[in-house]
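Q:
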Amino acid sequence: MNDPNPGRCPICNSAKIKVASTPSFQYERNLKCRDCQAVWRLACPLWGAIVSLLLGALIAGGMGYLLFDHLLSHGLSLSGPNLVMYVLFGVVFAFGWRMLRYGGGTLRGTAGQFEVLQEPPPSKGKS
Ligand SMILES: [Zn+2]
């Protein structure tokens, strides 16, 4: 399902929308309607999925290579600066991995789809 009406609320069709908090990595930030308080996620375009996939593969692959290279030349050491570096590698790798999975999931149709994340509260109508 694609975004039915870009720039407008999918529930009440209001144009008064703002950017909402977005907890995890995704191509576009979540949007929130100022009128009915609904929160939704836009569909990720195909090229956005491909860029995510390639960039994620590059970051995760690059980090994997750097770590492997470092282990080969320095050996495994869990002390001081090495430990900090392993953690850093892990954090960046996890970021790349998430981009990779997001891009791949979008291409397979299991992620990055248009979705209403939060229905408007029933008590609040248009003011
Ligand atoms: Zn709305």
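When we follow the numbering used here, the leftmost residue of the sequence shown carries the number 34, and every step to the right adds one.
Backbone N, C-alpha and C fix where the C-beta goes; we use that ideal spot for every residue, glycine too.
Keep in mind it's a predicted model, so treat the numbers as computed, not measured.
#1: With respect to 6 Å, is the separation between the Cβ of ALA71 and the closest non-hydrogen atom of ligand 1 below this value?
#2: Give the secondary structure of ARG74 by DSSP, where H, G and I count as helix, E and B as strand, and everything else as coil.
#3: Would you mind working out which of VAL149, GLY138, GLY123, LEU104 sits nearest GLU93, comparing C-alpha positions?
#4: Do VAL72 and ALA48 come within 7 Å of each other at the CB atom, strictly closer than that value?
#5: Give the range of the beta strand (DSSP E) segment to which SER150 is assigned.
#6: Any beta carbon of chain D sitting closer than 7 Å to that of MET118?
#7: When the distance is taken between beta carbons, is GLY142 closer than 7 Å to GLY89?
A: In terms of the structure at hand:
#1: Result yes, Cβ under 6 Å from ligand 1.
#2: Three-state result, ARG74: strand.
#3: It is Ala, not Glu, that sits at residue 93 in the sequence shown. Closest option to ALA93, Cα to Cα, is GLY123.
#4: No, these two residues do not count as a Cβ contact at 7 Å.
#5: Checking the sequence, you will find Leu at residue 150 rather than Ser. Residues 148–151.
#6: Given the protein chain composition of this structure (a single chain), no chain D is represented.
#7: No, they are not a contact pair.
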